[in-house]
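In the working numbering, the protein residues as written are 2 to 271. We put the CB at the ideal spot given by N, CA and C, even for glycine. Report on the structure given below.
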Amino acid sequence: MEQRTLSISGLDNDLLYEKKGKIAYMTFNRPSEMNSITPKMMEDIDRIGEDFKNDNDLLVLILTGAGEQSFCAGADLKLTITKLKEDADKGARFMSDPTKRFFAGINKPIISAINGFCLAGGTEIIQGTDIRIAAPHAKFGLPEVHWGIIPGGGSHVRLPRQIPYCHAMDILLTGRQITAEEAVQFGLINKVVPADQVMAECEKYAKIICSNGPIAVQAAKEAALLTYNMGWGEAFSTEAVIAERVFKTDDAAEGPRAFAEKREPVYQGK
2 MEQRTLSISG
12 LDNDLLYEKK
22 GKIAYMTFNR
32 PSEMNSITPK
42 MMEDIDRIGE
52 DFKNDNDLLV
62 LILTGAGEQS
72 FCAGADLKLT
82 ITKLKEDADK
92 GARFMSDPTK
102 RFFAGINKPI
112 ISAINGFCLA
122 GGTEIIQGTD
132 IRIAAPHAKF
142 GLPEVHWGII
152 PGGGSHVRLP
162 RQIPYCHAMD
172 ILLTGRQITA
182 EEAVQFGLIN
192 KVVPADQVMA
202 ECEKYAKIIC
212 SNGPIAVQAA
222 KEAALLTYNM
232 GWGEAFSTEA
242 VIAERVFKTD
252 DAAEGPRAFA
262 EKREPVYQGK
């Protein structure tokens, strides 16, 4: 499979972005700092998200961390928190653009390959992803309250909507770390696999998704996200509009035709 390493102007080595066929990979690459996030990395995450969203050749994005110890341990407190406080003192709002809450507004599937500590901003980032696979030694948590701050990257909105309220408040209010097994029980992640199989498991999911109709896959995510907080009537109407749009595509004709002809469908994404 062809591998292309993307060169985004100004993207440095702390955040790696690669494209391999229909799958893109973003790697937090500060293993000596637990793959913590610098202010520039926060900007680059948005830029990578936009590139993935707009590249029609890409269907799935996989996130992971360099090394075997950490996926992402959140913001580098020495750098990021100081800047955020300075910005707040000047009247600037943290992540004031609601479309930039770690991959918000991206209808293509995103998978987290969680290979270690996934704390603070790390736990916030995976909430913006759709499938989450973790190693047994992975740890999760939002410890911000212990340091007198809060996780302002979307966790107060996303977490109580993604997992049961009492589990969400356990994580938000105590700041404690939870194990990978607890994260499965809470519904925060999909499954735990041996550490050396995390990426392979994520790629297995990605390849299955890539074999499906791309328009249908993206419409399924769009419908799920758009209707989540709607009343039933509005939600069903919105789903119907999206479904009608999909049924009018060439891919929607190809799928049933391939089924009738007992062959694999060949989707064109149109």
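Sixteen is the threshold: when 16 or more other Cβ atoms of the shown chains lie within 10 Å of the Cβ of residue 113, as they do, the residue is buried. The three-state secondary structure of residue 19, taken from DSSP, is strand. Within a 10 Å sphere around the beta-carbon of residue 128 sit 16 or more other beta-carbons, which makes this residue buried. Secondary structure at residue 61: strand, using DSSP grouped into helix, strand and coil. Under the three-state reduction of DSSP, residue 37 is assigned to coil, being neither helix nor strand. Contact between residue 63 and residue 167 is absent: CB atoms are separated by about 31 Å, not below the 8 Å threshold.
Counting along the chain, residue 174 sits inside the alpha helix (DSSP H) bounded by residues 166-175. Its chain contains 136 and 137 as the residues whose beta carbon lies nearer than 8 Å to that of residue 195, once the 5 sequence neighbours on both sides are disregarded; these appear in chain order. For residue 74, the closest of 47, 111, 32 and 134 by C-alpha to C-alpha distance is 32. A distance below 6 Å between beta-carbons, with the five flanking residues on each side excluded, links residue 24 to the following residues of its chain, in chain order: 61 and 207.
Nearest Cα to residue 152 within the set 174, 163 and 245: 174. In this model, residue 186 and residue 193 are separated by some 11 Å (Cα to Cα). DSSP lists no beta-bridge partner residue for residue 254. The Cβ atoms of residue 270 and residue 216 lie closer than 8 Å to each other.
Inclusion of residue 111 and residue 104 in the CB contact set at 8 Å is warranted, their separation being smaller than that value. Taking all protein chains shown into account, residue 140 has 16 or more neighbouring C-beta atoms within 10 Å of its C-beta and is therefore buried. Sequence-distant partners of residue 231 (beyond 5 residues in either direction) whose C-beta falls short of 6 Å from its own C-beta are missing from its chain. According to the DSSP assignment, residue 29 belongs to the beta strand (DSSP E) that extends over 24-29.
In this chain, the beta strand (DSSP E) harbouring residue 120 covers 118-120. In the structure shown, the three-state DSSP call for residue 104 is coil.
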